[in-house]
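Visitor: Have a look at this one before I ask anything.
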Amino acid sequence: MKIILEFCANNAHFGTDEIMKRLEQHPDCEVYEYGCLTGCGMCYMTPYALVNGETVEAETASALYDAIIRRIADVKSDNG
């Protein structure tokens, strides 16, 4: 089963649009972009995404990418 990554279009000013493009190439992921993830303003405060419905955030888009990759590895190891 593929890991679902969800991004908020309003969060792109942090550079999340670029990491979203990189993650679209990841074979274990399905990447979606929505106009709003109902984070109630979170998109203006920090780069973030949802990984299988769980919020992953970081200080920069680059750090978010690394955090998402770690979370993907965690999910894969949990699913054996």
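Numbers 176 to 255, taken from my numbering, label the letters of the sequence shown in order.
C-beta atoms are modelled at their ideal positions from N, C-alpha and C, and glycine is treated no differently.
1. Can you find the residues in the same chain that come closer than 6 Å, C-beta to C-beta, to residue 208, ignoring five residues on each side of it along the sequence?
2. Kindly list the residues whose CB is nearer than 7 Å to the CB of residue 227, restricted to its own chain and excluding five residues on each side of it in sequence; keep chain order.
3. Please classify residue 202 as buried or exposed, where buried requires at least 16 other C-beta atoms within 10 Å of its C-beta.
4. Have a look at the DSSP bridge pairing and note the partners of residue 224.
5. Can the beta-carbon of residue 236 be found less than 9 Å from the beta-carbon of residue 191?
6. Please list, in chain order, all residues of the same chain as residue 229 whose beta carbon is under 8 Å from its beta carbon, the five residues on each side excluded.
Guide: By the coordinates alone:
1. 182 and 184
2. 178, 179 and 250
3. exposed
4. 231
5. yes
6. 246
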